[in-house]
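Chemist: Submitted below is the structure of interest, expressed as structure tokens.
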Amino acid sequence: MNLLLSVMVHIRKSIFSLPVPRLLLVSFGIASLLLFPSGPIHAQDETTIAEAKPTAENVAKAEQILLRGIETVGGSNYLNVKTVLGRGFYTAFLDGMSQLPARFVDYIAFPDRERTEFFSSGIRTVQTNVGDTGWFYDGATKSLHDMKPEQIQDFKRGMRTSTENLLHGWWRKEGATLSYVGRREAGLAKRNEVVRLTYPDGFWIEYEFGAKDGLPAKMIYKRTKKNPDSEETVETAEEDRLAKPITIAGVTAAWVIDHFINGVQTSRVNYESIEYNKPLADVLFAKPANIKALK
Numbered sequence: 019m020n021l022l023l024s025v026m027v028h029i030r031k032s033i034f035s036l037p038v039p040r041l042l043l044v045s046f047g048i049a050s051l052l053l054f055p056s057g058p059i060h061a062q063d064e065t066t067i068a069e070a071k072p073t074a075e076n077v078a079k080a081e082q083i084l085l086r087g088i089e090t091v092g093g094s095n096y097l098n099v100k101t102v103l104g105r106g107f108y109t110a111f112l113d114g115m116s117q118l119p120a121r122f123v124d125y126i127a128f129p130d131r132e133r134t135e136f137f138s139s140g141i142r143t144v145q146t147n148v149g150d151t152g153w154f155y156d157g158a159t160k161s162l163h164d165m166k167p168e169q170i171q172d173f174k175r176g177m178r179t180s181t182e183n184l185l186h187g188w189w190r191k192e193g194a195t196l197s198y199v200g201r202r203e204a205g206l207a208k209r210n211e212v213v214r215l216t217y218p219d220g221f222w223i224e225y226e227f228g229a230k231d232g233l234p235a236k237m238i239y240k241r242t243k244k245n246p247d248s249e250e251t252v253e254t255a256e257e258d259r260l261a262k263p264i265t266i267a268g269v270t271a272a273w274v275i276d277h278f279i280n281g282v283q284t285s286r287v288n289y290e291s292i293e294y295n296k297p298l299a300d301v302l303f304a305k306p307a308n309i310k311a312l313k
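Counting with the working numbering, you get residues 19 to 313 for the letters of the sequence shown.
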């Protein structure tokens, strides 16, 4: 997945990961680490997952945590959000070091339309997803083209792992099962309640909620991808850590989100503003006939 697509996926995840504007959750800052400190996740260690058996009692416990999470992020106010407009900065990390941030504007119309614009060094780039389609404008090369199937699949995977997917219950339509994993240490005198979604194809995501405040705190999952140097397929452990929860219009979201791969930070999304239920024109998501028609 190219860097820009990766950025957009994480922005989408942030906007509602912490039931605060999902954009916030995607905004990956030091403040977030202070609020939600945590150590690296390992592939399969005992503290990471104690294979939860989805018994009736287990599922009931998981559903209880899920319901509390929904109420904590705004209840009906959160569930009734139809559009989100978020602005902020995306910062990539290379070998643990932050790079120059890029400004972004993200437009989301639920359930399946999103447009993200990036501005860096005077160059504008636009990426848009609508259902099973998508298009991309590269300001550096002044080119406009459709997304490749693998790029769309990467985006869908990102949506599948989002807190938004969990809290809205969209996973139920895909036949996924919810189970309770247990409590996990989350820093000094802090613990998180952990639930897991498991899909029929075996893919799973763990979601951590603060045991005391009930807020979404982290998402953990594994994925396989090709090593660009060796072409070998490798498995990576990925996580999004949510921080800086802010409440606007009765909806709470994480405004800072840090993404880690195998315990090493790779990006941060930082929101400056988020607006809910602002009318968004259809033309924003439609692929323009040519570059001159790009809005």
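Built from N, CA and C at the ideal position, the CB exists for glycine as well.
For the candidate residues SER285, ALA272, LEU302, LYS296, whose alpha-carbon lies nearest to that of SER116?
Modeler: As a first step, residue 116 is located in the sequence shown; it is residue number 98 there, counting from the start. Ranking the options by Cα distance to SER116, first place goes to SER285.
Chemist: Just verifying my parser: in three-state terms, what is the DSSP assignment at LEU97?
Modeler: Position 79 of the sequence shown, counted from the first residue, corresponds to residue 97. Helix.
Chemist: Give me the Cβ distance between LEU312 and ARG133, rounded to the nearest whole Å; I'm assuming they're in contact under 8 Å.
Modeler: For this step, residue 312 is matched to residue 294 along the sequence shown. For this step, residue 133 is matched to residue 115 along the sequence shown. Actually they are not in contact, since the Cβ atoms of LEU312 and ARG133 sit about 11 Å apart, beyond 8 Å.
Chemist: Just reading off the alpha helix (DSSP H) that GLU84 is part of, what are its end residues?
Modeler: Indexing the sequence shown from 1 puts residue 84 at position 66. Glu is not the amino acid found at residue 84; the sequence shown has Leu there. Per DSSP, LEU84 belongs to the alpha helix (DSSP H) from 74 to 90.
Chemist: Let me check understanding here. Comparing Cα to Cα, which of GLU293, LEU196, ASN183 lies closest to GLY268?
Modeler: If you number the sequence shown from 1, residue 268 lands on position 250. Nearest option by C-alpha distance: GLU293.
Chemist: Which of helix, strand or coil does DSSP assign to GLU249?
Modeler: Here the question's residue 249 lines up with position 231 in the sequence shown. Coil at GLU249, not helix or strand.
Chemist: Roughly how many whole angstroms lie between the Cα atoms of VAL212 and VAL91?
Modeler: Walking along the sequence shown from the start, residue 212 turns up at place 194. Walking along the sequence shown from the start, residue 91 turns up at place 73. Near 17 Å, if we compare the C-alpha coordinates of VAL91 and VAL212.
Chemist: Note down, in chain order, each residue of its chain lying with its Cβ closer than 6 Å to the Cβ of SER291, except the 5 sequence neighbours on either side.
Modeler: As a working mapping, residue 291 is identified with position 273 in the sequence shown. Taken in chain order, the residues that qualify are ARG105.
Chemist: Whole-angstrom Cβ separation of GLU257 and ILE238, contact assumed at under 8 Å?
Modeler: Start at 1 with the first residue of the sequence shown, and residue 257 comes out as number 239. Start at 1 with the first residue of the sequence shown, and residue 238 comes out as number 220. Yes, they are in contact, since the Cβ atoms of GLU257 and ILE238 sit about 5 Å apart, within 8 Å.
Chemist: Near LYS79, what residues of its chain come up, given a Cβ to Cβ distance below 6 Å and the 5 sequence neighbours on each side ignored?
Modeler: One-based indexing of the sequence shown puts residue 79 at position 61. Taken in chain order, the residues that qualify are TYR198.
Chemist: How should PHE46 be labelled, buried or exposed, when 16 other C-beta atoms within 10 angstroms of its C-beta is the threshold for buried?
Modeler: Translated into positions along the sequence shown, residue 46 becomes position 28. At PHE46, the pLDDT of 30 sits below 50, so the modelled position is not reliable and the matter cannot be decided from this model.
Chemist: In angstroms with no decimal places, state the Cα-to-Cα distance between PRO167 and PHE128.
Modeler: By 1-based counting over the sequence shown, the position of residue 167 is 149. By 1-based counting over the sequence shown, the position of residue 128 is 110. Straight-line spacing of the CA atoms in PRO167 and PHE128 works out to 21 Å.
Chemist: Less than 6 Å between C-beta atoms, sequence neighbours within five positions excluded: which residues of the same chain meet that for GLU226?
Modeler: Position 208 of the sequence shown, counted from the start, is the residue given in the question as residue 226. Here the set comprises ASN210, VAL212, ALA235, LYS236.
Chemist: How close, in whole Å, do the beta carbons of THR254 and ARG241 come, if the pair is a contact with beta carbons under 8 Å?
Modeler: On the sequence shown, residue 254 is found 236 positions in, with the first residue counted as 1. On the sequence shown, residue 241 is found 223 positions in, with the first residue counted as 1. Sure, about 6 Å apart at Cβ, within 8 Å.
Chemist: DSSP state of ALA272, grouped into three classes?
Modeler: Counting from 1 along the sequence shown, the entry for residue 272 is found at position 254. Reduced to three states, the DSSP call for ALA272 is strand.
Chemist: Ordered along the chain, which non-local residues of its own chain (more than five positions away) have a Cβ less than 8 Å from that of LEU51?
Modeler: For the purposes of this step, residue 51 is taken as residue 33 along the sequence shown, with counting starting at 1. Note that LEU51 scores a pLDDT of 28, beneath 50, so its modelled location is shaky; the value from the coordinates is reported in the next line. The answer, listed in chain order, is ARG259, ALA261, ASP276.
Chemist: Which residue comes first and which comes last in the alpha helix (DSSP H) that contains GLN171?
Modeler: Counted from its first residue, the sequence shown places residue 171 at position 153. Looking at the DSSP string, the run of the alpha helix (DSSP H) that includes GLN171 is 167 to 178.
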